[in-house]
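Novice:
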Amino acid sequence: MLQYDFNSLNNNYPIYDVFTKLTDISISPCGSDTLEPEDETCPFCGHKNAFRFHADSNQYHCYSCEEHGGVLDLIQKVLGLRSVFEAARYLSRMSSEIPSVTPIEIVEEDNRDHNVISSVFMDIALHYAKNLVDEALNYQVEQRGHSQLLLEQHHIGIADGQCYATLSGKYDDKTLLATGMFREVNGRIIDFVPEGVYVYPHFDNGRIVRFTFKDPKKTFKYQQPKKYWLPEAHWYGQQTLEKPGTIALVEGENDALTLIEAGYTGPVLASIGSLSQSQVDYINSLRRSINTYFDNDDAGDRYRSKFPSATHYIVPERGSDIDEFIREGGDWQALEAEQTFIPLIETPVSNLPNSCGAEGFNDVGNANRLARLFGHNLRYVRETDSFIHFVDNQWKPASVQVMEYAKQVAADMLAEGHKVLADDDTKGTQLIKAAIQLHNLPKLKAMIELVKPKLEVCMVDLDADPMLLGVGNGVIDLNTGEYRENRRLNLITRYTPVDFNPNAKCPTWERFINDITVGDTELASFLQRLVGYFLAGRTDEQLLFFFYGHGSNGKSTFIQIIQSLMGSYATQINSDVLMMNKNSGGPNASLAKLPGKRLVVANELPENGRLDDTLIKSMTGGDIIVARQVYGKHELEFYSQFSLVIIGNHKPAIYDMSHGMWRRMCLIPFAANFTAAQIDPELPVKLGKELQGILNWALEGVQAWHAEGLKRSLPAAVIAANDEYRQESDLIGEFLEGCLQEPDAYTAASELYQAFLSFANEGNEWRMTQRIFTKKMVERGFEKVRRNNKAGFRGIALLDPDLAPLSTHKVINPIFVV
Numbered sequence: 001m002l003q004y005d006f007n008s009l010n011n012n013y014p015i016y017d018v019f020t021k022l023t024d025i026s027i028s029p030c031g032s033d034t035l036e037p038e039d040e041t042c043p044f045c046g047h048k049n050a051f052r053f054h055a056d057s058n059q060y061h062c063y064s065c066e067e068h069g070g071v072l073d074l075i076q077k078v079l080g081l082r083s084v085f086e087a088a089r090y091l092s093r094m095s096s097e098i099p100s101v102t103p104i105e106i107v108e109e110d111n112r113d114h115n116v117i118s119s120v121f122m123d124i125a126l127h128y129a130k131n132l133v134d135e136a137l138n139y140q141v142e143q144r145g146h147s148q149l150l151l152e153q154h155h156i157g158i159a160d161g162q163c164y165a166t167l168s169g170k171y172d173d174k175t176l177l178a179t180g181m182f183r184e185v186n187g188r189i190i191d192f193v194p195e196g197v198y199v200y201p202h203f204d205n206g207r208i209v210r211f212t213f214k215d216p217k218k219t220f221k222y223q224q225p226k227k228y229w230l231p232e233a234h235w236y237g238q239q240t241l242e243k244p245g246t247i248a249l250v251e252g253e254n255d256a257l258t259l260i261e262a263g264y265t266g267p268v269l270a271s272i273g274s275l276s277q278s279q280v281d282y283i284n285s286l287r288r289s290i291n292t293y294f295d296n297d298d299a300g301d302r303y304r305s306k307f308p309s310a311t312h313y314i315v316p317e318r319g320s321d322i323d324e325f326i327r328e329g330g331d332w333q334a335l336e337a338e339q340t341f342i343p344l345i346e347t348p349v350s351n352l353p354n355s356c357g358a359e360g361f362n363d364v365g366n367a368n369r370l371a372r373l374f375g376h377n378l379r380y381v382r383e384t385d386s387f388i389h390f391v392d393n394q395w396k397p398a399s400v401q402v403m404e405y406a407k408q409v410a411a412d413m414l415a416e417g418h419k420v421l422a423d424d425d426t427k428g429t430q431l432i433k434a435a436i437q438l439h440n441l442p443k444l445k446a447m448i449e450l451v452k453p454k455l456e457v458c459m460v461d462l463d464a465d466p467m468l469l470g471v472g473n474g475v476i477d478l479n480t481g482e483y484r485e486n487r488r489l490n491l492i493t494r495y496t497p498v499d500f501n502p503n504a505k506c507p508t509w510e511r512f513i514n515d516i517t518v519g520d521t522e523l524a525s526f527l528q529r530l531v532g533y534f535l536a537g538r539t540d541e542q543l544l545f546f547f548y549g550h551g552s553n554g555k556s557t558f559i560q561i562i563q564s565l566m567g568s569y570a571t572q573i574n575s576d577v578l579m580m581n582k583n584s585g586g587p588n589a590s591l592a593k594l595p596g597k598r599l600v601v602a603n604e605l606p607e608n609g610r611l612d613d614t615l616i617k618s619m620t621g622g623d624i625i626v627a628r629q630v631y632g633k634h635e636l637e638f639y640s641q642f643s644l645v646i647i648g649n650h651k652p653a654i655y656d657m658s659h660g661m662w663r664r665m666c667l668i669p670f671a672a673n674f675t676a677a678q679i680d681p682e683l684p685v686k687l688g689k690e691l692q693g694i695l696n697w698a699l700e701g702v703q704a705w706h707a708e709g710l711k712r713s714l715p716a717a718v719i720a721a722n723d724e725y726r727q728e729s730d731l732i733g734e735f736l737e738g739c740l741q742e743p744d745a746y747t748a749a750s751e752l753y754q755a756f757l758s759f760a761n762e763g764n765e766w767r768m769t770q771r772i773f774t775k776k777m778v779e780r781g782f783e784k785v786r787r788n789n790k791a792g793f794r795g796i797a798l799l800d801p802d803l804a805p806l807s808t809h810k811v812i813n814p815i816f817v818v
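Below, the structure is given as C-alpha cells:
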C-alpha cells in the first residue's frame with residue numbers, strides 16, 4: 001500500500017502554482033507576502049476580493065466562505081476528491097509538471113548599497129537613542145521595567161521628528177528615502193516615524209538591518225516596509241546569538257527585553273508580528289536547541305506548532321505573554337516545560353490589505369466595507385435583532401462589540417488615509433475627511449443597520465447540528481465521540497465550559513451515582529444514558545422527565561452538576577410556564593430563551609397543579625414552538641431540541657390519560673434517603689473538580705444511548721414508578737371503581753356526570769366539563785344510548801342509595817357512596 005508524507009507534499013510545492021495548474025487561472029501579488037487569483041474570485045463561493053494565498057505558510061484562505069488549508073486540501077476541494085489520499089496520489093502524478101518550492105519574489109529588486117544603508121541605519125539609531133531621557137526614559141524604566149543599561153545596550157530610542165533635519169546634511173535625499181525611514185509629502189521629506197514613538201533597531205553581526213516601532217498611545221500602527229530591510233533581517237535580537245546556550249523564542253521586543261532582564265543567559269529572539277516560514281527556516285538552520293515562550297493565545301499556539309522539537313514554556317493565563325507574566329511577579333524559571341505541543345484550536349486571522357477598498361464613502365459603502373473587513377467574524381440574527389461574533393474560537397453575543405467593529409472600520413480608514421497622504425495628497429485627504437465623518441455616532445449606527453442584511457442568519461441556522469457539542473477547547477462529534485476543532489461554519493453558539501480531556505476520570509461522581517441509585521446498577525446505567533441523551537440535543541425519545549423523591553436523596557445535586565457540565569446548553573424556567581391557567585397570550589420570556597438549549601429544568605411544581613398537556617406534547621415532540629421576548633420585534637419560531645426535566649417532591653396532576661400523553665412521561669424515582677451524618681456539604685465542590693471526567697462519563701452515555709436508547713431499555717424501577725403514577729392520575733378510573741359495571745346496566749349521562757362531579761369535588765380534583773367526561777367514557781368502551789328520550793350510558797350503574805333510582809340496575813351491595 002502506498003504511503004505519503006503529507007507534510008512534505010504540502011510544503012514542497014508552491015500552492016499558487018498548484019492552483020494555476022488545476023484551474024488555468026494565473027495569480028497576482030496583492031501584498032508583501034500574499035497573492036490572489038487573477039480574476040480575484042474564490043473558486044469555492046464565488047466572492048470577489050476574499051481569496052488569498054499566503055506565500056510564507058503555503059496556505060490558502062477565503063475570508064468569505066472560510067475555506068482554508070494547504071496544497072492537498074486545495075486539490076481535494078477543487079477536484080471534488082473523496083479523501084486527502086486521492087489528493088496526494090494526484091499531486092504525485094503531476095509533480096513533474098510543478099516546480100519545487102521557490103518563494104515568489106513580490107518586492108522589486110534591491111539595488112541599494114547595503115553598506116551605505118547600514119551606515120545610515122546606525123546614524124538613525126544613534127539620533128533616536130540620544131532622545132531617550134526624562135519622561136521617555138522613565139516610561140521604559142518604571143512602566144516597562146527595563147533598566148537604563150539594557151536600553152542603552154540595545155540602542156533603543158524615541159522619535160522626535162527631527163531625524164531628517166539632522167541627517168540631511170550628511171546624506172542625499174535619495175539615500176535617506178532608500179532606508180524607508182523617511183517619506184516625501186507634498187514635495188518635502190519628513191521622518192517616517194512621528195514624534196513620541198519608540199524605535200527598536202535590529203542588529204545582525206554588528207550592523208543594523210531593520211527597525212520596528214512601538215507607540216505607547218497606539219495611534220501609529222505602521223512598520224518599516226519589508227523592501228527596505230537588509231537581507232539578514234529575520235528576528236529581533238539576532239546579535240544575542242553570539243551567546244552560548246539554548247535559544248529562547250518570544251513574540252515582541254518587550255518580551256525579549258524582559259526575559260533578558262529576568263536573567264535568561266542564552267540568546268533571546270523575538271519574531272515581531274506574525275511568524276513567517278522564512279523565520280522558521282532561519283531558526284532551523286542554526287541547529288541549536290530551542291525554548292519557546294510564545295504568548296498563551298491562538299497565535300502563540302500556531303507558532304509553537306512550527307517548532308515540534310522545541311521545549312515549550314507557556315504562561316498560565318490565556319491571553320497573557322511572558323513580559324506581562326514576569327512584570328506581575330511570575331517566575332519564568334518555574335514554568336512547566338512541555339516537550340510536545342499539539343494545538344487544540346485554529347483561529348483564522350484576516351490579513352486582507354487595503355482597509356478602505358473600492359467601496360464608496362456613503363452609508364451603503366461603509367456597510368459594505370464593514371462586511372468585507374469583519375464579516376467573517378460577524379453574523380446578524382434577525383429574530384432576536386442581535387449580532388454574534390467569532391472570538392476565542394467561539395460564536396458569542398456581540399450586542400456591544402458590534403459598535404467596536406464599526407469604530408475600528410473608521411479608525412482603519414483614518415490610518416490608511418494618513419498612509420496614502422504620503423503618496424497621493426488628493427486621495428489621502430479624501431480618505432481622512434470620510435474617516436473623520438464616519439467617527440460620528442449617526443454614521444456608525446447607519447453602517448451597523450445597513451450591514452444587517454449582508455450578515456443575516458436565521459435562528460434555525462444556529463446550533464443546527466445536534467450531534468456537534470461545543471466544549472471549552474473545541475467540538476465533540478457525538479456520532480463518533482471524536483474531538484475536532486471548532487469552525488465558524490458550525491455556527492455553534494452554545495458551549496459547555498468544560499475542556500475535553502480524554503484521560504480525565506471521575507471516581508467521586510461514580511460513587512455518587514451508586515449512592516443515589518441505592519446500588520441499582522440498571523438504574524445507574526440508565527442515568528448515564530439519560531445524560532448522554534441530554535448532551536445530544538435530540539427529541540427522538542419524546543419524553544418528559546420527572547425526578548421524584550422525598551427527603552435528601554441526591555436528585556438536586558445530580559441535576560445541578562449536570563447543569564454545570566452543560567453550561568449554556570442548559571437553562572432553568574419557572575414551573576408556572578408548564579401549568580394550565582397561566583397567561584398564554586403576549587410575550588413569554590421563559591420560552592423565548594429556549595432556542596439552542598438541550599436541557600431545560602423546572603423546579604418544584606405547585607401541589608395539585610395541572611400540567612399544560614398541549615405545551616408538554618409540543619416541547620417533548622420536537623414541534624415548532626412560537627414565543628416572543630418581552631420587547632422583541634419578531635416572534636421566534638423554533639423546533640424544540642431540548643430535554644425537559646421537572647424536579648419535585650410532588651407529582652404533578654395529569655388528567656390526559658391518552659396514550660399520546662403517557663408515552664411521554666418518564667418518572668425517575670430517587671429512593672435514597674441520606675441522614676444528616678451521611679451528607680457531605682463539600683460534595684458539590686468535589687464533583688465540580690471532576691467535570692472533565694464527568695464529561696467523558698456523559699460521552700460514554702451518548703454512545704450507550706445510541707446502542708440501547710431509553711424507552712426500549714427502561715429499568716424495572718422506572719417502569720414500576722410510572723405504572724403507579726398513571727394509576728394515581730386516572731381520576732375517571734378511580735370513579736369507575738366505585739360503580740357497578742354490567743352489560744344490562746344503564747345510567748343517564750347527566751346523572752352520571754353529576755355523580756362524577758360530586759366525587760371530584762370531594763377530592764378537590766379537576767372538574768372536567770360534561771362534554772370531555774362523555775368523550776372519556778366513550779373512549780373507555782361505554783356505549784351511548786337513549787332511553788325515555790334521554791341520553792345515557794349502557795353498562796354502568798350508580799351504587800349510591802340516593803342516586804340508585806336513576807339507574808336501571810337493582811342495587812344489592814353499595815360499594816360507592818358520594
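Anchor point for the sequence shown: position 460 equals 460 in the UniProt record's numbering, and the numbering is continuous, going up by one each time.
Backbone N, C-alpha and C fix where the C-beta goes; we use that ideal spot for every residue, glycine too.
Just so we're clear, the structure is a prediction, and the values are computed from it rather than from any experiment.
1) Excluding the 5 residues flanking K505 on each side, which residues of the same chain have their C-beta closer than 8 Å to its C-beta?
2) For a test of the three-state rule: what should DSSP assign to Q394, helix, strand or coil?
3) Measuring CA to CA, which of D540, Q430, D392, R304 is closest to G470?
4) Rounded to whole angstroms, what is the Cα-Cα separation between G701 and F390?
5) Three-state secondary structure (DSSP) at S556?
6) Assuming I668 and F545 are in contact, meaning their beta carbons sit under 8 Å apart, how far apart are those beta carbons, in whole angstroms?
7) If you check the beta carbons only, do G180 and P225 fall under 9 Å apart?
8) Return yes when the Cβ of W235 is within less than 9 Å of the Cβ of I156, no when it is not.
9) Nearest to P316 by alpha carbon, out of E336, P308, S305?
10) DSSP three-state label for C163, please.
11) For H127 versus C163, is the C-beta distance shorter than 9 Å?
12) What is the DSSP secondary structure of residue 819, counted as helix, strand or coil?
13) Quick check: the Cα distance between A159 and D123, rounded to an integer number of angstroms?
14) According to DSSP, is K711 helix, strand or coil?
15) Using the rule of at least 16 other Cβ atoms within 10 Å of the residue's Cβ for burial, across every protein chain shown, is K776 buried or exposed?
16) Using C-beta distances below 7 Å, list every residue in its chain close to T557, excluding the 5 sequence neighbours before and after it, in chain order.
17) By how many angstroms is the C-alpha of H312 removed from the C-alpha of W332?
18) Is it buried or exposed, V630, if we count other Cβ atoms within 10 angstroms and call 16 or more buried?
19) If you draw a straight line from the alpha carbon of residue 826 to that of V475, how long is it in whole angstroms?
20) Whole angstroms is fine: what's the gap from F773's alpha carbon to F735's?
21) The alpha helix (DSSP H) spanning A410 covers which residue range?
22) Taking C-beta to C-beta, are I625 and L591 nearer than 9 Å?
23) Should L491 and L462 be called a contact, given that it needs their Cβ atoms to be closer than 9 Å?
24) Using a threshold of 9 Å, state whether the C-beta atoms of Q238 and H202 are closer than that.
25) Ignore the nearest five residues each way along the sequence and tell me which others in A717's own chain have a CB closer than 7 Å to its CB.
26) Counting only runs that start and end within the stretch 247–283, where is the beta strand (DSSP E) found for 3 or more residues in a row?
27) Thinking C-alpha only, which one of L578, E510, N574, L478 is nearest Y533?
28) Hey, how far is the Cα of R174 from the Cα of G187?
29) Alpha carbons only, please: which of V785, L91, P216 is nearest the one belonging to P743?
30) For the candidate residues W229, N291, K218, whose alpha-carbon lies nearest to that of E251?
31) Quick check on DSSP: helix, strand or coil for S386?
32) Exposed or buried, which one is D39 when buried takes at least 16 other CB atoms within 10 Å?
33) Taking 9 Å as the cut-off, decide whether the C-beta atoms of I559 and V601 are in contact.
34) Rounded to whole angstroms, how far is the Cβ of R207 from the Cβ of S118, which I believe are closer than 8 Å?
35) Less than 9 Å between the C-beta atoms of N49 and R372, yes or no?
36) May I ask you to report which of helix, strand or coil DSSP gives D680?
Specialist: By the coordinates alone:
1) Excluding sequence neighbours, K505 sits near E690, G693, N696.
2) DSSP places Q394 in strand when its eight states are reduced to three.
3) Closest option to G470, Cα to Cα, is D392.
4) If you take the alpha carbons of G701 and F390, they lie about 30 Å apart.
5) Secondary structure of S556 (DSSP, three-state): helix.
6) With 8 Å as the limit, I668 and F545 qualify as a contact, their Cβ atoms being about 6 Å apart.
7) Their beta carbons are under 9 Å apart, which means G180 touches P225 by this criterion.
8) Against a cut-off of 9 Å, the Cβ pair of W235 and I156 comes out as no contact.
9) With distances taken between Cα atoms, P316 lies closest to E336.
10) Three-state result, C163: helix.
11) Note that the C-beta distance between H127 and C163 is below 9 Å.
12) Outside the shown range of the chain, which is 1 to 818, sits residue 819, and nothing can be said about it.
13) Within the model, the alpha-carbon separation for A159 versus D123 is close to 13 Å.
14) DSSP places K711 within a helical segment (H, G or I) once states are collapsed to three.
15) Per the 10 Å Cβ criterion, buried.
16) Excluding sequence neighbours, T557 sits near L683, P684.
17) Distance between the alpha carbons of W332 and H312: 12 Å.
18) Any answer about V630 is weak, because its pLDDT of 48 lies below 50 and its placement is not dependable; what the coordinates show is given next. Around the beta carbon of V630, a 10 Å sphere encloses fewer than 16 other beta carbons of the protein chains shown; the residue is thus reported as exposed.
19) The question about residue 826 has no answer here: the residues shown for the chain are numbered 1 through 818.
20) Roughly 12 Å between the two C-alpha positions.
21) From DSSP, the alpha helix (DSSP H) with A410 extends over 401–421.
22) I625 is a Cβ neighbour of L591, given a cutoff of 9 Å.
23) If you check the CB distance, L491 and L462 come in under 9 Å.
24) With a cutoff of 9 Å on beta-carbon distance, Q238 and H202 are scored as near each other.
25) Cβ within range, chain order: D520, L523, P669.
26) DSSP runs (the beta strand (DSSP E)) wholly in the stretch 247–283: 247–250, 268–270.
27) Nearest option by C-alpha distance: L478.
28) Per the sequence shown, residue 174 should be read as Lys rather than Arg. Each residue's Cα considered, the two are about 13 Å apart.
29) Closest by alpha carbon: V785.
30) In this structure, N291 is the residue among W229, N291, K218 with its C-alpha nearest to the C-alpha of E251.
31) DSSP, read as helix, strand or coil, puts S386 in strand.
32) Around the beta-carbon of D39, fewer than 16 other beta-carbon atoms lie within 10 Å, marking it exposed.
33) Against a cut-off of 9 Å, the Cβ pair of V601 and I559 comes out as a contact.
34) The pair is a contact, with the Cβ atoms about 4 Å apart (cut-off 8 Å).
35) The answer is yes: Cβ separation under 9 Å.
36) The three-state secondary structure of D680, taken from DSSP, is coil.
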